[in-house]
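Trainee:
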Amino acid sequence: MDMPLAISMGEPAGVGPDIVLALYARRDELKLPPFCLFGDAPFLRARALRLGLNVDIADVGAAGAGAVFAHALPVAQVEGLVQDHPGQVSQVSAGAVIGAIEMAVAATLTGTCRGLVTAPIHKGALYHAGFKHPGHTEFLAELCANGGKPHLPVMMLAHGGLRAVPVTIHVPIKDVPGLLTKELIVETVRVVAHDLKHRFGIANPQIGMAGLNPHAGEGGGIGREELEIVGPAVAQLQFEGIGVEGPLPADTLFYPTHWARYDAVVAMYHDQALIPIKTVAFEDAVNVTLGLPIVRTSPDHGTAFDLAGTGRASPASFLAAIRMADAMTAAR
Ligand SMILES: NC(=O)C1=CN([C@@H]2O[C@H](COP(=O)(O)OP(=O)(O)OC[C@H]3O[C@@H](n4cnc5c(N)ncnc54)[C@H](O)[C@@H]3O)[C@@H](O)[C@H]2O)C=CC1
Ligand SMILES: NCC(=O)COP(=O)(O)O
């Protein structure tokens with residue numbers, strides 16, 4: 064029996080649960096691998112009813128998932144209140160949302176599940192409820208560290224051969240220059256090169272590195288970060304034998320033909336990396352976290368409150384995230 068993937072429920076007011084239910088309803092047609100949804104069974108029954116989906120839900124936990132997946136959606140029950148109010152931001156479900164991630168990570172770390180796919184969370188709602196982590200990426204690193212030294216989590220958005228990685232992630236733009244260090248860039252690219260090799264099977268990854276400033280600083284005339292931070296990081300990485308070029312002007316680096324020269328492009332901040340990939344592939348790009356001891360993928364979109372409970376959310380990115388996690392863990 065195939066070991067299941069773990070899926071965390073995400074924000075119940077968002078489209079994540081809708082899409083998981085809709086995909087499960089098409090499991091045979093799509094030949095989906097077995098998965099267990101870490102969430103709330105009564106809420107999921109109510110949401111399935113609202114969407115008109117004929118889905119049986121079995122509260123069997125991750126260990127029982129493989130046995131029931133063919134005829135019922137396996138759920139690992141989380142603690143805490145979960146409301147079925149599509150599109151309404153609320154902190155009420157925050158405990159259950161966070162608990163679902165914690166349980167799903169624990170099941171993956173202990174080998175009950177083979178990889179993790181996360182449904183979108185509403186970061187603002189969780190912050191208001193006291194959540195201290197900027198997003199999944201950083202939270203997962205802490206959970207995987209299990210009290211030890213956290214891994215450096217690296218966010219990568221991928222669509223086929225187009226991959227984009229931000230060095231700084233969920234931080235205010237005004238803080239980016241202060242957070243960028245040669246060490247952070249070097250460590251990020253080491254993780255990218257390692258995981259492209261070992262998780263994506265790319266023998267000798269080639270990485271394009273963006274500058275921070277317009278025109279990559281124009282030789283120091285439009286900012287010195289390229290000369291003082293990014294350039295020295297590239298030199299260090301090249302010395303280590305990693306295939307990196309840069310710093311390159313970010314405005315032309317993402318021109319698809321240019322981008323396609325590289326196995327991944329490393330950008331200096333969130334929007335520098337994510338705007339290009341969401342522009343060319345919002346429908347089915349995947350967010351994958353590198354640098355963790357577990358495989359974690361996620362759709363590229365968020366909670367889409369405007370579509371929650373309507374059945375109109377596209378399942379394409381979520382499906383791509385499941386397929387990527389399945390492929391990355393196929394040997395297990
Ligand atoms: N991995 C995660 O947990 C992520 C969470 N978020 C969170 O989601 C919340 C909302 O973020 P937004 O910036 O509004 O982005 P969003 O992706 O939720 O929505 C942006 C636009 O795209 C549309 N859209 C999103 N998903 C769609 C789908 N599956 N099918 C069709 N249309 C879709 C929405 O209707 C909306 O018009 C924020 O709190 C953000 O932090 C955002 C990205 C990833
Ligand atoms: N914009 C991507 C995003 O916010 C996803 O973050 P994470 O929750 O996967 O860390």
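In the working numbering, the protein residues as written are 64 to 395. We treat Cβ as the ideally placed atom computed from N, Cα and C, and that holds for glycine.
Throw me the rounded Cβ distance for the residue 330 and residue 336 pair, which I believe falls under 8 Å.
Mentor: 4 Å
Trainee: Mind checking residue 318: buried by the 16 CB within 10 Å criterion, or exposed?
Mentor: exposed
Trainee: Is the Cβ-Cβ distance between residue 131 and residue 101 less than 9 Å?
Mentor: no
Trainee: Indicate the three-state DSSP secondary structure (helix, strand or coil) for residue 171 in the structure shown.
Mentor: helix
Trainee: Compute the Euclidean distance between the alpha carbons of residue 269 and residue 185, then round it to the nearest angstrom.
Mentor: Take the alpha-carbon of residue 269 and the one of residue 185: they are about 34 Å apart.
Trainee: Assuming residue 354 is part of the beta strand (DSSP E), what are its boundary residues?
Mentor: First-last for residue 354: undefined, no H or E at that position.
Trainee: By a C-beta neighbour count over all protein chains shown, 10 Å radius and 16 as the cutoff for buried, is residue 222 buried or exposed?
Mentor: buried
Trainee: Using a Cβ-Cβ cut-off of 7 Å (strictly less than) and excluding sequence neighbours within five positions of residue 175, which residues of its own chain qualify?
Mentor: Cβ neighbours of residue 175 beyond the five flanking positions: 125 and 126.
Trainee: Flag residue 359 as yes when its Cβ comes closer than 8 Å to any non-hydrogen atom of ligand 1, and as no otherwise.
Mentor: no
Trainee: Considering Cα atoms alone, identify which of 358, 244 and 296 is closest to residue 388.
Mentor: 358
Trainee: Is there contact between the region 201 to 213 and the region 340 to 359, where contact requires at least three CB pairs shorter than 8 Å?
Mentor: The region 201 to 213 makes contact with the region 340 to 359: 3 or more CB pairs, one atom from each, lie closer than 8 Å.
Trainee: By Cβ distance, which residues of its chain are closer than 7 Å to residue 315, with the 5 residues on each side in sequence left out?
Mentor: 321
Trainee: Just the C-alpha distance for residue 193 and residue 74, rounded to the nearest angstrom, thanks.
Mentor: 15 Å
Trainee: Taking the beta strand (DSSP E) that residue 327 belongs to, which residues open and close that run?
Mentor: Unbroken beta strand (DSSP E) run through residue 327: 327 to 330.
Trainee: Please identify the residue among 240, 228, 379 and 170 whose C-alpha is closest to the C-alpha of residue 207.
Mentor: 170
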